[in-house]
Structures are given as C-alpha cells and as structure tokens.
Amino acid sequence: MVTVESIDEVLATHQPALPSTRLSMVEQTLTRLLLFVILGVLLGLVLMPETVWDNGLRPIIWEPIQQDAGAQGDAGYSYQNTAIYTFGLLASVVVFQALFRTLQLPADDKMMIALIAWVCLAPIFRVLEDADFFPSSIDWLLISPIIHLHLATWLIAIGFVSHLVGKKWDHVGGDLGELNIRMRIVPVLCLALLFMWAILFRPGYAEHDMGLIWVIIGLGIGFASLIFAFHATREWPTITRGLLAFAVGACFVGLGHWAQLAATPWLQESGRMPNDVVFWPALIVLGIPGLICSVLYRMGKDDARQLKLTGFEAGVLPEGVTIKSWETEEKVVAKHPIEQLSNKALLASP
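Per the numbering used here, residue 0 is the first one in the sequence shown, and the count goes up by one each step.
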C-alpha cells in the first residue's frame with residue numbers, strides 16, 4: 000500500500016530544493032540589480048543631475064506621469080517608459096516575495112484574500128482620479144506606476160505594524176492575547192485610515208462643488224467594516240488581519256466617494272461634466288465573474304477541505320521537494336494527496 004511516508008522516502012533520494020529562507024539565483028540577481036539601479040540613480044541625481052534628471056528621468060518618466068494626471072490622459076506614454084515600468088514592477092514582485100518568504104510571513108489563502116482587497120483598492124482610486132476628484136498637488140500619487148509604489152508603501156507600513164504586534168502576542172492563546180492584539184492594532188488601523196482620508200480625500204472637497212452625505216456614509220461604513228473585519232478574523236495571523244481590515248475599510252471609504260460622484264457630479268478638469276453613471280457594466284465586469292467563481296468554488300470545496308485535512312495546500316509541493324524530482328517520480332506521486340486532489344481543490348482557492 001502506497002502511503003505519504005513511502006512517497007516521501009522516494010522523493011528524499013533526490014536533490015532537495017532550497018530552504019524557504021534562502022534566495023534562488025534569480026532572486027539574488029534581481030535583488031542586486033534592483034539595489035544597483037536605485038543606488039546608481041541616487042548617485043546620478045547628486046553628481047550628474049542634468050544628465051540623469053533633465054535628459055533622462057524627467058522626459059521619460061516624470062513628464063508622462065504629469066500628462067496622464069492632466070486633461071490629456073495617456074498622451075505621454077511611450078515604449079521606453081512602459082518597458083521600464085513593466086520590468087520594474089516584475090522585478091519588485093520577485094524581490095518582495097523573496098523578502099517576505101525569507102521573513103517567514105504568511106503565504107496562504109488568507110493572505111491571498113487580504114491582498115485581493117488591496118488589488119480592489121487601486122481601481123477605486125483610479126476611478127476617482129479619472130473623475131478629477133483629487134487636486135493637482137496630489138493626483139500624481141494615483142497615476143501608474145506611482146500608484147503601485149504608493150499603495151505598496153501603505154501595505155508595507157500596515158503589515159510592519161501588524162507584524163510587530165503579532166510577533167509579541169500571536170503565541171498568547173485565549174482571550175488575553177486577542178484582547179491585547181485588538182487594543183494595540185485596531186486604534187492604529189483607524190488612525191491610519193483617518194490619515195489616508197486626510198491626505199488623499201479631504202483636499203478634494205475644497206476643489207469641487209459637491210455634497211458630502213455619501214462621503215460621510217462611506218466614512219462611517221469604512222471604519223465600521225475595518226473594525227468588523229478585524230474582529231471577524233480572530234483565528235487569522237495578525238499581519239493578515241491588519242492588511243485585510245485596513246484595505247476593506249479604505250475600499251468602503253473610496254466607494255462612498257463613488258456614490259457621491261453619482262449623486263452630485265462635479266466639474267472635471269477638462270471643463271466637462273462626467274457622463275451619466277450607468278450600472279449595467281458592473282453586472283458584466285463583476286456579476287458574471289462572481290457567478291463563475293461561485294460555481295467553481297462549489298465544484299472544488301470538498302477536495303480543498305480534504306487536502307487541508309492532510310496538511311497540504313493545493314498546487315504547492317511539500318517543503319524541500321523540487322518540481323524536477325516531482326515530475327521524475329510521476330508514477331510514484333500519482334497516489335499523493337496533492338496530485339489526486341489539487342485539480343479540483345484549486346478551483347476553491349482564492
């Protein structure tokens with residue numbers, strides 16, 4: 000009879016994968032390259048500002064961002080800056096995931112749900128920026144690629160604070176640990192959300208002739224949803240709870256401004272009023288994918304639960320096992336829970 004232990008014995012004869020706390024060659028190369036580029040740019044700005052800024056970064060990077068923030072939209076984008084943005088974002092993803100992995104931060108379905116909330120936050124800001132809600136002094140913060148760096152800064156800051164608190168209190172079980180976590184994290188998250196509202200949203204009220212009823216409702220729901228999301232995820236790691244709760248609260252604050260735009264549209268920078276708000280695209284963009292995801296989840300939830308009971312994750316190889324060794328022992332691992340259950344279990348994964 001084939002057991003997980005016997006499969007592990009066969010896989011143990013192959014060369015093991017690198018430990019999660021070590022960087023691969025690609026990760027090391029990209030990390031060094033990213034540091035080299037950052038240091039090189041900083042030195043260039045100090046030693047050769049005309050070459051690096053006036054003839055380089057300003058016309059290629061900064062001026063297109065300013066044009067995108069203005070009434071002419073995407074007029075300043077080119078192959079050069081698009082290639083730079085793409086490579087920079089891909090390199091940053093590889094480097095940051097390697098950093099988070101070496102710090103042994105959570106990388107499970109719960110963290111995926113928390114990060115999806117942050118992904119939803121970006122288009123909420125972009126819609127308001129396209130509607131010229133933000134004043135010209137800060138709207139560049141909501142233009143690609145700056146918006147990705149901007150939100151990444153918020154994410155890292157919230158994650159860092161949550162991680163510090165969790166590091167001290169996650170191991171304390173029962174109500175005592177939970178009470179200390181809530182007392183320390185929830186007020187900080189609320190102050191952070193208030194700070195985000197003050198620096199990003201509040202300056203726009205003086206720029207437009209608009210109502211505030213939906214703004215106030217959105218703020219109320221935002222803070223309430225932040226507190227609720229944190230309390231409803233008691234069994235989650237503190238860093239995941241903090242990231243999810245803040246992002247959910249920020250999303251509702253932004254949606255409140257969406258509702259205000261629909262109720263009392265304001266004059267755009269181009270001198271025109273926004274088009275009438277229609278909701279049928281939301282049914283297509285959100286409704287149909289939501290229905291499909293619901294069907295897929297129902298198809299895969301049973302296998303996902305069974306796989307979780309075995310201690311494995313869908314599509315994730317056991318610690319220390321390489322893809323090459325797994326594929327080499329294809330016939331042996333065919334009886335492994337990961338191989339038998341992952342296909343459907345992945346349908347229920349975020």
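Beta carbons are placed, not taken as given, at the ideal position from N, Cα and C, and that holds for glycine.
Predicted, not measured: the structure shown is a model, and the values here were computed from it.
Where do the ends of the alpha helix (DSSP H) carrying residue i lie?
i	result
Asn80	78-101
Ser23	From DSSP, Ser23 is part of no alpha helix (DSSP H); its letter is neither H nor E.
Asp129	108-129
Gly203	201-204
Asp174	173-195
Val315	From DSSP, Val315 is part of no alpha helix (DSSP H); its letter is neither H nor E.
Gly361	Outside the displayed range of the chain (0 to 349) lies residue 361, so it cannot be described from this structure.
Trp213	212-230
Pro349	Taken as a continuous stretch (DSSP letters only), Pro349 belongs to no alpha helix (DSSP H), as it is neither H nor E.
Lys334	From DSSP, Lys334 is part of no alpha helix (DSSP H); its letter is neither H nor E.
Leu351	The chain is shown from 0 up to 349; residue 351 falls before or after that span and cannot be answered.
Looking only at its own chain, which residues have a Cβ that is under 8 Å from the Cβ of residue i, when we skip the five neighbours before and after it?
i	result
Ser77	Ile59, Pro63
Thr321	His13, Gln14, Pro15, Ala16
Gly87	Pro144
Excluding the 5 residues preceding and the 5 following residue i in the sequence, name in chain order all residues of the same chain whose CB lies nearer than 7 Å to its CB.
i	result
Gly299	Lys343, Ala344, Leu345, Leu346, Ala347
Gly203	Phe132, Phe133, Pro134
Ala228	Leu243, Ala244, Val247
Gln65	Trp139
Phe124	Leu141, Ile146, Gly253
Ser23	Leu17
Gln305	Leu340
Cys250	Ala116, Cys119, Leu120, Ile123
Thr309	Pro336
Val9	Glu328, Val331
For residue i, which of helix, strand or coil comes out of DSSP?
i	result
Ala281	helix
Trp235	coil
Gln267	coil
Leu154	helix
Asp169	coil
Thr321	coil
Asp208	coil
Pro63	helix
Ile145	helix
Can you name, in chain order, every residue of its own chain whose Cβ lies under 6 Å from the Cβ of residue i, other than the five neighbours on each side?
i	result
Arg100	Ser19
Any C-beta of chain D sitting closer than 7 Å to the C-beta of residue i?
i	result
Leu41	The structure shown contains no chain D; it holds only a single protein chain.
Within the chosen definition, does the segment 153-169 reach the segment 229-241 through at least 3 CB pairs nearer than 8 Å? At 8 Å Cβ cutoff, the stretches touch.
I'd like to know if the segment 199-218 and the segment 246-261 are in contact, where contact means that at least 3 CB-CB pairs between them fall below 8 Å. yes
Any 3 or more C-beta pairs closer than 8 Å across the segment 142-152 and the segment 79-94: yes
Is there contact here, the segment 93-111 with the segment 29-47, by at least three beta-carbon pairs under 8 Å? yes
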